[in-house]
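Participant: Sharing a structure here in structure tokens format.
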Amino acid sequence: MFSHNYTSKIVPRFALSMTKIHNFSAGPSILAGSAFEKSIEDIKNFANTGLSILEISHRSKEFESIMDQANAIVRELMSVPENYDVLFLGGGASTQFFQIPHNFLRTSAAYTKTGVWAAGAIKEAKLYGEVNVIASSEADNYNYVPKDYSIPADADYFHCTSNNTIYGTQMKQFPSSPVPLICDMSSDIFSRPVDTSKFSLIYAGAQKNMGPAGVTLVIVDKAMYDRRASRPIPSMLDYKLHGEKGSMYNTPPVFPILVSLYNLQWVKENGGVAGMEARNNAKAELLYNTIDNNPLFSGTCAVEDRSHMNACFVLNDPNPEMEQKFAAACKEAGISGIKGHRSVGGYRASMYNALPLESVQALVNVMNTFA
Ligand SMILES: *Cc1c(COP(=O)(O)O)cnc(C)c1O
5 MFSHNYTSKI VPRFALSMTK IHNFSAGPSI LAGSAFEKSI EDIKNFANTG
55 LSILEISHRS KEFESIMDQA NAIVRELMSV PENYDVLFLG GGASTQFFQI
105 PHNFLRTSAA YTKTGVWAAG AIKEAKLYGE VNVIASSEAD NYNYVPKDYS
155 IPADADYFHC TSNNTIYGTQ MKQFPSSPVP LICDMSSDIF SRPVDTSKFS
205 LIYAGAQKNM GPAGVTLVIV DKAMYDRRAS RPIPSMLDYK LHGEKGSMYN
255 TPPVFPILVS LYNLQWVKEN GGVAGMEARN NAKAELLYNT IDNNPLFSGT
305 CAVEDRSHMN ACFVLNDPNP EMEQKFAAAC KEAGISGIKG HRSVGGYRAS
355 MYNALPLESV QALVNVMNTF A
């Protein structure tokens, strides 16, 4: 049997980075160490086939088993009702920005504009019909989540973004919607329990809180297939077809699906989404307490809307010398990826599921020592 002649050099490198680098990257972002270890094995010898996961047919029974397990674990973690499809698609969340209106925008759809990603979804929807922006926090650089709006009963659907990755705001509650509720959960899926049955469609690019870049999760109520627009739907944009084919209409992103499965197994072993919520609450509390009590720093958004995934903060009295000193202190402590998005500036610490509390403690220690 052919066997790959890999050295194990990569393993110590990973072991080192898992322990020494505190990865606050906004995305692609930190994954469970076990997901790397298991997938490295599958690159060398997948399911005892003597072949790599990277060179085996997606129609093989070994990969079909991975797809089945990935489907099952999403259903279990998210309590997905029977009458929903769970799809693993390509194209990123950005493809969902137009795939959704292509399928479901007949006349008019309602959107909230809560950040750059929501604005991207709105822009694409406008290609297909009327877009009713029923609430926006754009005038305040998206530093809060609007709550005071009503969803028109004649809209084809209502689209919202659960977590605004760039600004560090998060919907703590979802409105009850008279029309199908569609949500971009790219940056907080699996971070807390949500009632999936309230949503007609949930989507998430994997690379924030589920797995590596390259696969997009879609959870869709099959009842939506009867609400499709009359325009022709190319096969690759047809949710129903992807559902019927078990996400195997074309070659699915096999490796990102595999790594996502392993990452979600880690989520399950650590208490599922309720366990993640407890972890994420503890991390967020520690960091936001520090931001609020440390005289050098301030948070940038409404306290009640603060994201438990991405915490944005600034130096109160920024000057190049202080910024350089803080950057050097972070680097020294192994803190990586806290530079804020260019549209907000300052700092953004992303605390996705796999980030341990110790990493937040390391950041907090630097902030306190710095003060
Ligand atoms: C990152 C992100 C996107 C874009 O995802 P891609 O997979 O890169 O297309 C969309 N929405 C939100 C909320 C995001 O955080």
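According to my numbering, numbering within the sequence shown proceeds without interruption in unit steps and concludes at 375.
Heads up, the beta-carbon is just placed ideally off N, CA and C, and yes, glycines get one too.
Taking the alpha-carbon of C187 as reference, which of P256, A122 and P260 has the nearest alpha-carbon?
Facilitator: Minimum Cα distance to C187 is reached at A122.
Participant: Which stretch, first to last residue, makes up the beta strand (DSSP E) that contains D230?
Facilitator: Note, D230: premise wrong, no beta strand (DSSP E); not H, not E.
Participant: My output table needs one value for Y207: the three-state DSSP class, helix, strand or coil.
Facilitator: Strand at Y207.
Participant: In this structure, how does DSSP classify K287 when only helix, strand and coil are distinguished?
Facilitator: Three-state DSSP puts K287 in a helix.
Participant: Got a sec? Which residues, its chain only, sit under 7 Å from I60 by beta carbon, not counting five neighbours each side?
Facilitator: Closer than 7 Å at the Cβ level, and outside the excluded window around I60, lie F50, T53, E66 and F67.
Participant: Does ligand 1 have a heavy atom nearer than 7 Å to the CB of D309?
Facilitator: No, since every heavy atom of ligand 1 falls outside the 7 Å radius drawn around the Cβ of D309.
Participant: If I follow the unbroken beta strand (DSSP E) through T116, where does it start and stop?
Facilitator: T116 -> beta strand (DSSP E) spans S112 to K117.
Participant: Measure how close the beta-carbons of I261 and M71 come, nearest whole angstrom, since I'm counting them as under 8 Å.
Facilitator: Rounded, the Cβ-Cβ distance is 7 Å, consistent with contact.
Participant: Taking only the alpha-carbon atoms, compute the straight-line gap between W270 and V348 and give it to the nearest angstrom.
Facilitator: Rounded to whole angstroms, W270 to V348 spans 33 Å at the Cα level.
Participant: Comparing alpha-carbon positions, which option in T220, V364, F330 and K343 lies nearest F374?
Facilitator: Nearest C-alpha to F374: F330.
Participant: Going by DSSP, what residue range makes up the alpha helix (DSSP H) through Y243?
Facilitator: Where Y243 is concerned, the enclosing alpha helix (DSSP H) stretches over Y243 to E248.
Participant: Grouping DSSP H, G and I as helix and E and B as strand, with all else coil, what is Y292?
Facilitator: The answer is helix: DSSP assigns Y292 an H, G or I state.
Participant: Run through the DSSP bridge pairs and tell me what K343 is partnered with.
Facilitator: For K343, which the question treats as bridged, DSSP gives the partners Y351.
Participant: Taking 6 Å as the limit between beta carbons, can you name the residues of its chain near G94, skipping five residues before and five after?
Facilitator: Closer than 6 Å at the Cβ level, and outside the excluded window around G94, lie P257.
Participant: For ligand 1, any of its heavy atoms closer than 7 Å to the Cβ of S1?
Facilitator: Residue 1 cannot be examined here, being either before or after the span of the chain that is shown, 5 to 375.
Participant: If you measure between the beta carbons of A125 and P156, is that distance less than 8 Å?
Facilitator: Taking 8 Å as the Cβ cut-off, A125 and P156 do not qualify as a contacting pair.
Participant: Rounded to the nearest angstrom, what separates M252 and P32 at their Cα positions?
Facilitator: Answer to the nearest angstrom: the Cα atoms are 25 Å apart.
Participant: Using only the alpha-carbon positions, how far apart do N293 and P322 sit?
Facilitator: Taking the straight line from one Cα to the other gives about 20 Å.
Participant: Quick one: what's got a C-beta closer than 7 Å to A129's C-beta in the same chain, skipping five residues either side?
Facilitator: The answer, listed in chain order, is P105, L109, A113, Y115 and V135.
Participant: Can you round the beta-carbon distance between K48 and S38 to whole angstroms, since I take them to be within the 8 Å contact cut?
Facilitator: Actually they are not in contact, since the Cβ atoms of K48 and S38 sit about 16 Å apart, beyond 8 Å.
Participant: Whole angstroms are fine: how far does the CA of L265 sit from the CA of A74?
Facilitator: Distance between the alpha carbons of A74 and L265 is about 5 Å.
Participant: Pairs of beta-carbons, one from the stretch 137-147 and one from the stretch 273-289, closer than 8 Å: are there three or more?
Facilitator: No, the stretch 137-147 does not touch the stretch 273-289.
Participant: Quick one: grab the DSSP three-state call for Y266.
Facilitator: Residue state, collapsed to three classes: helix.
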